[in-house]
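Position in the sequence shown (first residue = 1) + 5 = my numbering. Glycine residues also receive a C-beta, built at the ideal position from the N, C-alpha and C atoms.
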Amino acid sequence: AQSEALKSPKSVSTMQPQGQKADRHVQVKSGGLPEPPLEVFPARVRQMLEQAAVAFKYLPPEVPMMALIAFLAACVGRSRVAVVKDGWEEAGNLYLGLVAGSGVGKSPCFKAFFKPIWKHEIRNKAKWDLEIADYNQLMEERRRIKNPDELGPLPPKPPRTQYLVEDVTLEAIINILAENPRGGLWYSDELSSIVLN
Numbered sequence: 006a007q008s009e010a011l012k013s014p015k016s017v018s019t020m021q022p023q024g025q026k027a028d029r030h031v032q033v034k035s036g037g038l039p040e041p042p043l044e045v046f047p048a049r050v051r052q053m054l055e056q057a058a059v060a061f062k063y064l065p066p067e068v069p070m071m072a073l074i075a076f077l078a079a080c081v082g083r084s085r086v087a088v089v090k091d092g093w094e095e096a097g098n099l100y101l102g103l104v105a106g107s108g109v110g111k112s113p114c115f116k117a118f119f120k121p122i123w124k125h126e127i128r129n130k131a132k133w134d135l136e137i138a139d140y141n142q143l144m145e146e147r148r149r150i151k152n153p154d155e156l157g158p159l160p161p162k163p164p165r166t167q168y169l170v171e172d173v174t175l176e177a178i179i180n181i182l183a184e185n186p187r188g189g190l191w192y193s194d195e196l197s198s199i200v201l202n
């Protein structure tokens, strides 16, 4: 039972392969490697991936497929975990590294797929900036009062919801994950910066 192995307050639906070979509108050489299994995606998703490959200067289909998988993994985060046994849960962490020649178009493709995450990130940051400004003002007012204990317990500091982070230190990631137990996407335009960090 798959339903017993997945722990979630919500129902889980799985994507079933279509059982048909995807129509190939884009013919891109893959350097002798096997073609990516686009047929496992629903027809509309296959069409989107093929259109993305064309839109970004005839990218190999692996690039938009990998961008989509990274996007979906960031959306799911730790909202679904596999329960191996009592007390042992594993999240579906993905570590993806795309290696391709310079100027292929990897970055524009990934940025297009991640655009919805960026929009939410910007909106949440603006909201948090207002909340933290109000919080700081309240804390300053409490400091001016002779007996702040009369005001009751300290208000909690507003947490910042983050979906995506770039090149950060380990200390920063620890703080981000403390406020975002669902996890998120650590995106870097250069693989070497992730290794060095």
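Subject >> Spatial neighbours of residue 195 in its chain, beta-carbon cut-off 7 Å, leaving aside the 5 residues before and after >> reply: none
Subject >> Cβ-based burial, residue 197 [other Cβ within 10 Å; buried from 16] >> reply: exposed
**OP:** Could you tell me the distance, in whole angstroms, from the CA atom of residue 76 to the CA atom of residue 136?
**Re:** 28 Å
Original post:
Among 89, 163, 116 and 118, which has the Cα closest to the Cα of residue 138?
Top reply: 163
Original post:
Within this structure, are the beta carbons of residue 110 and residue 64 separated by less than 8 Å?
Top reply: yes
Original post:
Do residue 107 and residue 187 have their CB atoms nearer than 8 Å?
Top reply: no
Original post:
Grouping DSSP H, G and I as helix and E and B as strand, with all else coil, what is residue 151?
Top reply: coil
Original post:
Quick one: is residue 25 buried, meaning 16 or more other Cβ sit within 10 Å of its Cβ, or exposed?
Top reply: Low per-residue confidence applies at residue 25: pLDDT is 43, beneath 50, and the placement is therefore not dependable enough to give any value.
**OP:** Rounded to whole angstroms, what's the CA-CA distance from residue 58 to residue 124? Just pull it up for me.
**Re:** 23 Å
Original post:
Are residue 79 and residue 86 close, meaning C-beta to C-beta below 8 Å?
Top reply: no
Original post:
Which residue comes first and which comes last in the beta strand (DSSP E) that contains residue 94?
Top reply: 93–96
**OP:** Determine the DSSP secondary structure at residue 201, reduced to helix, strand or coil.
**Re:** helix
Original post:
From this set, 101, 144, 105 and 131, which residue's C-alpha is nearest residue 157's C-alpha?
Top reply: 144
Original post:
Going along the chain, which residues of its own chain have a beta-carbon closer than 6 Å to the beta-carbon of residue 133, five neighbours each way excluded?
Top reply: 165
**OP:** State the DSSP-derived secondary structure class of residue 162, mapped to helix, strand or coil.
**Re:** coil
Original post:
Just the Cα atoms here: how many angstroms apart are residue 114 and residue 176?
Top reply: 30 Å
Original post:
From residue 49 to residue 161, what distance separates their C-alpha atoms?
Top reply: 45 Å
**OP:** Just mark residue 167 as buried or exposed, buried being the case when its beta carbon has 16 or more other beta carbons within 10 Å.
**Re:** buried
Subject >> Within-8 Å CB hit, residue 45 to chain B >> reply: The structure shown contains no chain B, having only a single protein chain.
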